[in-house]
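Chemist: Heads up, the sequence shown is in the working numbering, so the first residue is 1325 and it goes up one at a time. C-beta atoms are modelled at their ideal positions from N, C-alpha and C, and glycine is treated no differently.
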Amino acid sequence: MADFENLRKALLCQGEPKRVPPFELSIDESIKRQFLGKPAGSLEAEAEFFMKAGYDFVPMTIGIRQTTRGEESGVMGSKPVQTSVLKAAKANYNPFQEEATTRMWAEEGTGLIQDQASFDHYEWPDPDQFKYDAVATVGRLVPNEAKVIVNVGAVFTASWMYMGLESFCIALAEGSGLATRLIARVGEIQMRVVENLLQFDCVGAICMPDDLGYSTGFMINPKILRQYVFPWNKRIGDLVRAKGLPYIYHSDGRIYEVIDDLISCGFHAIHPCERASTDIERVKRAYAGRLCVCGNIDLDTTLTLGTPRDVEDEVRTRIRALGPGGGYCCGSSNSVPEYVPFGNYMAMIESVAKYGGYPIRA
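1. According to DSSP, simplified to helix, strand and coil, what is Cys-1597?
2. Assuming Gln-1514 and Ala-1470 make a contact with CB atoms under 8 angstroms, what is their CB distance in whole Å?
3. Quick check on the DSSP output: the beta strand (DSSP E) that includes Ile-1544 runs from which residue to which?
4. What runs of the alpha helix (DSSP H), each 4 residues or longer, lie entirely inside the segment 1387 to 1416?
5. What does a CB cutoff of less than 7 angstroms around Phe-1696 pick up in its chain, not counting 5 residues either side in sequence?
6. Under a Cβ-count criterion, where at least 16 other Cβ atoms within 10 Å of its own Cβ denotes burial, should Gln-1390 be classed as buried or exposed?
7. Quick one: residues in its chain with C-beta nearer than 6 angstroms to the C-beta of Ile-1593, no 5 flanking neighbours on either side, listed in chain order?
8. How should Leu-1569 be labelled, buried or exposed, when 16 other C-beta atoms within 10 angstroms of its C-beta is the threshold for buried?
9. If you run the structure through DSSP and keep just helix, strand and coil, what is Gly-1501?
10. What are the boundary residues of the alpha helix (DSSP H) that includes Phe-1554?
11. Which residue's Cα is closest to the Cα of Ala-1645: Val-1399, Val-1510 and Ile-1684?
12. Starting from the C-beta of Asp-1535, find all residues in its chain whose C-beta is less than 7 angstroms away, skip the five residues before and the five after it, and write them out in chain order.
13. What separation, rounded to the nearest whole angstrom, lies between the Cα atoms of Cys-1597 and Ile-1621?
14. Tell me, please, which residues DSSP counts as bridged to Lys-1471.
15. Decide if the segment 1333 to 1353 is in contact with the segment 1655 to 1662; the criterion is three or more beta carbon pairs, one per stretch, under 8 angstroms apart.
16. What is the residue span of the beta strand (DSSP E) that Pro-1533 lies within?
17. Tell me the DSSP secondary structure of Arg-1332 in three-state form.
18. Between the alpha carbons of Glu-1340 and Glu-1447, how many angstroms are there, rounded?
19. So is Met-1325 buried or exposed if we call it buried at 16+ other beta carbons inside 10 Å?
20. Between the segment 1448 to 1458 and the segment 1494 to 1504, do at least 3 Cβ pairs fall closer than 8 angstroms?
21. For Glu-1498, count the other beta carbons within 10 Å of its own beta carbon; 16 or more makes it buried, fewer makes it exposed. Which is it?
22. Quick check on this structure: which residue in Lys-1678, Arg-1640, Leu-1627 and Tyr-1682 has the alpha carbon closest to the alpha carbon of Tyr-1669?
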């Protein structure tokens, strides 16, 4: 049965909850379809899946991600829709199914916005006109003990996607005001989105997904993040914390250097602690009581190439290492894409339930 208060206690590092919470922000529709035994993708199916799978919340997305990524319904990991920013590419990404699937790719060279004229003429989304009713709908569909976690974020990611990563980085290096004005516009939109979301009682936390790095380092100099991006995270964080809600950051990559900055922005938790780039036990030791760590079940090998027994062993190991004292939520080291065998996904959520009860057994 859903228990958001249990998850909240873990996210806020308020000691040991009753159990280690399972935690995912994005699960492919094909996994949900196999679990439910019927079509997925609707708000009703989304609520049903996350409740039956044992989560304490339903993840959704509202804001500029819906414009750039085509997640118009608010469902995380919904069927990709080509946008003016991202292009669709169909291929057989999943060796376990015959049909091809679609992924979205951002232009690395040149994007939609290249000069002040294209910035001025772009039809920027009105932050008051996003489909907030979808959040209210899911809030009505889940029991009172569950909440919605809304993914907003993208202050950095949407900005470079609008320009193309190469053009964006060159503009920053040359001191062009266009890139910084773009970050500010995205930040303003997303902050207003969060202001609107905080009016909904069913919203239990805000997550800011914004990938900053690769497995070996950052996409851009952290000095630029501190100067232009993190101030928006701080402003948004002040709103979230004033409401008393958990504030979660999602970024892939090796980002040790900015963890203190993220805490200063007000974040309570970090996700997904990618195995290839993050020693999650090191982070837990260094920030115990100040930062909840989420994820870390290896998507690159265990979840994709391992057996259900391998998954169970890794979940048990992670829980025993990270669960004591609280401040850990267990899930994948990124997300659950379509190429994760369904049996491995089931092994993960079943093992979290099996081994996650407090006190954690050695």
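Modeler: Straight from the coordinates:
1. The residue labelled residue 1597 in the question sits at position 273 within the sequence shown. When DSSP states are grouped into helix, strand and coil, Cys-1597 belongs to the coil group.
2. In the sequence shown, counting from the first residue as 1, residue 1514 sits at position 190. In the sequence shown, counting from the first residue as 1, residue 1470 sits at position 146. Cβ-Cβ separation between Gln-1514 and Ala-1470: approximately 25 angstroms, too far for a contact (criterion under 8 angstroms).
3. The residue given as residue 1544 occupies position 220 in the sequence shown. Run containing Ile-1544: none; DSSP gives neither H nor E here.
4. Listed in chain order, they are 1388 to 1393.
5. Within the shown structure, residues of the chain are numbered from 1325 to 1686, placing residue 1696 beyond reach of any answer.
6. As a working mapping, residue 1390 is identified with position 66 in the sequence shown. Gln-1390 comes out buried.
7. The count along the sequence shown starts at 1 and reaches residue 1593 at position 269. Looking at the sequence provided, one finds Ala at residue 1593 rather than Ile. So the list reads Leu-1335, Ile-1572, Cys-1616 and Cys-1618, once near-sequence residues are dropped.
8. Sequence index remark: in the sequence shown, residue 1569 carries index 245 (1-based). Taking every protein chain shown into account, the CB of Leu-1569 has 16 or more other CB atoms within 10 angstroms, so this residue is buried.
9. Here residue 1501 refers to the residue found at position 177 when the sequence shown is read from its first residue. Helix, per DSSP.
10. Here residue 1554 refers to the residue found at position 230 when the sequence shown is read from its first residue. Segment 1554 to 1566, the alpha helix (DSSP H) holding Phe-1554.
11. Reading the sequence shown from its first residue, position 321 is the one you call residue 1645. Answer by Cα proximity: Ile-1684.
12. Locating residue 1535 in the sequence shown gives position 211, where the first residue counts as 1. Only Thr-1481, Ser-1575, Asp-1576 and Gly-1577 meet the Cβ criterion.
13. As a first step, residue 1597 must be located in the sequence shown, where it is residue number 273. As a first step, residue 1621 must be located in the sequence shown, where it is residue number 297. Spanning the two alpha carbons is a distance of roughly 9 angstroms.
14. As a first step, residue 1471 must be located in the sequence shown, where it is residue number 147. According to DSSP, Lys-1471 bridges with Phe-1381.
15. yes
16. Sequence index remark: in the sequence shown, residue 1533 carries index 209 (1-based). For Pro-1533, the uninterrupted beta strand (DSSP E) segment begins and ends at 1527 to 1533.
17. For the purposes of this step, residue 1332 is taken as residue 8 along the sequence shown, with counting starting at 1. In this structure, Arg-1332 counts as helix in the three-state DSSP scheme.
18. Taking the sequence shown and counting its residues from 1, the one referred to as residue 1340 is at position 16. Taking the sequence shown and counting its residues from 1, the one referred to as residue 1447 is at position 123. Spanning the two alpha carbons is a distance of roughly 47 angstroms.
19. Numbered from 1 along the sequence shown, position 1 holds the residue referred to as residue 1325. So Met-1325 ends up on the exposed side.
20. Flag = no, the segment 1448 to 1458 and the segment 1494 to 1504 do not touch.
21. Residue 1498 sits at position 174 when you count from the first residue of the sequence shown. Answer is exposed; the Cβ neighbour count stays below 16.
22. Mapped onto the sequence shown, residue 1669 falls at position 345. The residue with the shortest Cα to Cα distance from Tyr-1669 is Leu-1627.
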